[in-house]
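Mapping to full-length UniProt numbering: the sequence shown position 208 is 208, numbers consecutive. No residue lacks a Cβ here, since even glycine has one placed at the ideal position from N, Cα and C. Just so we're clear, the structure is a prediction, and the values are computed from it rather than from any experiment. Below is one structure, written out as structure tokens; comments come after it.
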Amino acid sequence: MSLLAGKTVVVSGVGAGLGRQVAAAVVRDGGRAVLGARTEANLAKTAAELDPDGSRTAYRATDIADEAQCEALAGLARERFGRIDAVVHVAALDSHFGGLQDADFETWRAVLDVNLLGTLRMTRACLPSLKQGGGSVVFIGTQSAVAAPSQVRQAAYAASKGALTSVMYSLARELGPYRIRVNTVLPGWMWGPPVRAFVRLTAQTEGASEAAVLERLTGRMALPELATDTDVADAAVFLASDRARSITGQSLLVNAGELMR
Ligand SMILES: NC(=O)C1=CN([C@@H]2O[C@H](COP(=O)(O)OP(=O)(O)OC[C@H]3O[C@@H](n4cnc5c(N)ncnc54)[C@H](O)[C@@H]3O)[C@@H](O)[C@H]2O)C=CC1
Ligand SMILES: Cc1ncc2c(c1O)C(=O)OC2
């Protein structure tokens with residue numbers, strides 16, 4: 001049987017990167033995907049591409065900084081498909097906000113409000129449904145939160161994602177009695193639109209070739225290629241599925257073996 005047959009998965013942060021790949025993997029694996037992101041026009045386009053007849057996707061503009069919008073996305077999932085079996089939290093503010101010396105605390109507060117509290121808002125909105133039949137909550141962290149990041153400008157971002165990985169342990173205990181599992185996927189350098197843009201920009205800045213910049217990144221890894229956003233999506237979809245039924249409170253690095261614990 002397909003991995004997600006009969007399952008409804010809410011996905012936040014469905015833009016050009018990982019969120020789209022998670023939504024695509026859900027549909028590919030037989031599930032129904034309920035898509036949230038801030039820009040409705042992009043969502044409509046993505047839904048039409050992934051699910052031309054519209055029977056296995058629904059979408060709604062959702063800013064995870066706004067509790068009412070999180071409630072509305074969960075409500076849409078219940079209305080359209082009657083249930084929520086899993087939620088994969090991709091939405092996050094990007095990582096390069098500065099370190100302690102150059103980012104003000106308003107910036108730190110904004111990053112924490114979206115990446116930590118926004119993810120928890122979205123989780124809470126899904127809880128009444130998840131409690132009904134049990135379910136799975138998948139956070140997206142980062143390897144930058146479990147080791148010294150290669151870029152100090154990620155300090156606020158790493159703190160927000162580290163807090164998410166920490167709260168995962170508490171939630172796994174709190175929600176376990178309802179058969180709700182809580183796990184985290186930790187990507188490292190993940191090949192997709194943002195890293196592609198980073199490589200292009202770095203090459204321009206250094207006057208080096210993109211291949212050389214990419215080779216420098218890949219040189220840190222055990223495997224010969226970076227993990228892709230589709231690889232990370234596969235890990236998220238596995239954790240969302242019943243095949244991970246005894247896995248909770250765990251974080252899984254998907255990083256081509258750059259960092260091993
Ligand atoms: N690119 C990488 O190498 C890595 C990425 N990650 C994480 O993977 C996830 C996806 O990353 P990418 O594909 O790189 O980027 P992405 O471009 O898909 O970024 C995340 C999405 O979240 C959306 N978003 C931001 N604030 C939001 C809000 N308040 N409400 C709703 N949506 C919001 C953005 O518009 C974007 O579409 C993020 O959680 C990111 O932190 C983690 C480690 C490495
Ligand atoms: C958003 C983001 N961009 C690049 C990288 C990371 C990240 O979280 C990371 O953990 O290692 C490289």
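Boundaries of the alpha helix (DSSP H) harbouring Gly-19: 18-28, taken from the DSSP string.
Closer than 7 Å to some heavy atom of ligand 1: that describes the Cβ of Trp-189. Taken in chain order, the complete beta strand (DSSP E) segments of 3 or more residues contained in the stretch 100-183 are 135-140. With 16 or more other Cβ atoms from the protein chains shown falling within 10 Å of its own Cβ, Met-190 counts as buried.
With a threshold of 16 other beta carbon atoms within 10 Å, Leu-239 meets it and is buried. Judged by DSSP in its simplified three-state form, Pro-52 adopts coil rather than helix or strand.
Per DSSP, the continuous beta strand (DSSP E) segment holding Ala-61 begins and ends at 57-61.
Between the alpha carbons of Gly-176 and Gln-204 lies a distance of about 49 Å. Residue state for Ala-235 is assigned as helix, using DSSP reduced to three classes. Restricting attention to Ala-25, Asp-85 and Ala-47, the CA atom closest to the CA of Gly-6 is found in Asp-85.
Of all alpha-carbon atoms in Leu-217, Ala-172 and Gln-154, the one lying nearest the alpha-carbon of Phe-139 is that of Ala-172. Bridge pairing for Thr-228: Trp-191 [DSSP]. Following the DSSP letters along the chain, one finds Thr-8 inside the beta strand (DSSP E) bounded by residues 8-12. Ranked by Cα distance from Ala-91, the first of Leu-259, Met-122, Ala-244 and Lys-45 is Met-122. Less than 8 Å divides the Cβ of Thr-46 from the Cβ of Ala-23. Listed as beta-bridge partners of Gly-36 by DSSP are Arg-60. For Leu-223, the closest C-alpha among the options Met-260, Tyr-169 and Val-213 is that of Met-260.
The stretch 241-252 makes contact with the stretch 178-195; the number of CB pairs closer than 8 Å reaches 3 or more. The residues Pro-193, in chain order, have a CB closer than 7 Å to that of Ala-16 in the same chain once the five nearest residues on each side in sequence are set aside. Ala-233 and Leu-100 have their C-alpha atoms spaced approximately 32 Å apart.
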